[in-house]
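One structure is given below, encoded as structure tokens.
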Amino acid sequence: MQVTNVKVKLTSVPGEKLCAYCTITLDNEFVIRDVKIIEGANGHFVAMPSRKVTDRCPTCGGKNHLRAKFCNDCGGKLDPNRGTKDEQGRVKLHLDLAHPINQECRQRLETAAVEAYKVEVTGVRAAGGTIQGGGSGGGQGPRPGGDRAPRPEGLPKDEGMPDGFSSGIHG
Ligand SMILES: [Zn+2]
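Quick note: the sequence shown, position 22, residue 22 per this note's numbering, numbers continuous.
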């Protein structure tokens with residue numbers, strides 16, 4: 001199995017570790033969407049698309065997220081220890097919708113996705129744009145707020161301008 005295409009959509013949520021969403025094509029004929037690129041302590045890694053695990057209220061049968069302490073429908077108290085636990089004894093709150101089943105395949109997907117992400121980031125920088133988000137450090141680059149419209153070099157900061165800088169350029 002080869003990764004034949006990766007499309008990257010950079011995200012712009014300040015303070016979040018989530019850097020981008022990817023759409024990965026395998027062997028030119030199978031597509032996985034919503035693969036996440038996450039900034040971890042040891043570099044970027046990939047999180048496969050997942051859904052929240054839910055279960056049903058024993059009283060009314062309503063669906064609730066495993067973290068819910070009370071039923072959304074009837075308000076009944078729910079067992080806080082329900083749900084399947086992993087090897088570390090933690091309740092599994094999310095289930096991968098699609099995922100590699102061995103380390104070698106995971107590595108291949110991750111490498112392809114992270115490489116494509118880095119290319120995308122570099123491309124945006126080269127085009128004069130800014131990467132928004134990842135704001136925990138703060139202070140790098142202009143403040144967020146411009147929606148992917150790269151600010152032309154030398155454009156004066158018009159202080160009276162509401163938001164964005166699309167208006168009033170011609171003069
Ligand atoms: Zn209920």
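Note that beta-carbon positions come from the ideal geometry of N, C-alpha and C, so glycine has one too.
Bear in mind the structure is a predicted one, so any value in this text is a computation, not a measurement.
Cysteine 22 is a Cβ neighbour of alanine 116, given a cutoff of 9 Å. Beyond the five residues adjoining it in sequence on each side, threonine 84 comes within less than 6 Å, by CB distance, of Lys92 in the same chain, given in chain order. Note on valine 13: under 16 other CB atoms within 10 angstroms of its CB, so exposed under the neighbour-count rule.
Between histidine 65 and the set Ala127, Glu87, His94 and Cys74, the nearest pair of CA atoms involves His94. About 5 Å separates the beta carbons of valine 114 and histidine 44, which is inside the 8 Å limit, making them a contact pair. Contact annotation: threonine 4 and aspartate 27 have beta-carbon atoms nearer than 9 Å. Uninterrupted beta strand (DSSP E) stretches at least 3 residues long and entirely within the region 13-79 occur at 18-26, 30-40, 43-47, 50-52, 54-56 and 63-65, given in chain order. In this structure, the beta-carbon distance from aspartate 79 to glycine 62 does not fall below 9 Å. When distances are taken from the beta-carbon of glycine 62 to the heavy atoms of ligand 1, the shortest one is below 8 Å. Exclusion of the five residues before and after arginine 106 leaves Pro100 as the residues of its chain whose Cβ lies within less than 7 Å of its Cβ. Measuring C-alpha to C-alpha distances from cysteine 57 to each of Cys71, Arg51 and Val46 identifies Cys71 as the nearest. The Cβ-Cβ distance between isoleucine 24 and alanine 112 falls below 9 Å. Counting the other Cβ atoms within 10 Å of the Cβ of glutamate 110 gives 16 or more, which makes it buried. Per the coordinates, the alpha-carbon of valine 124 lies some 12 Å from the alpha-carbon of threonine 11.
Lysine 9 is bridged by DSSP to Tyr21. Within 8 Å of the C-beta of aspartate 73 there is at least one heavy atom belonging to ligand 1.
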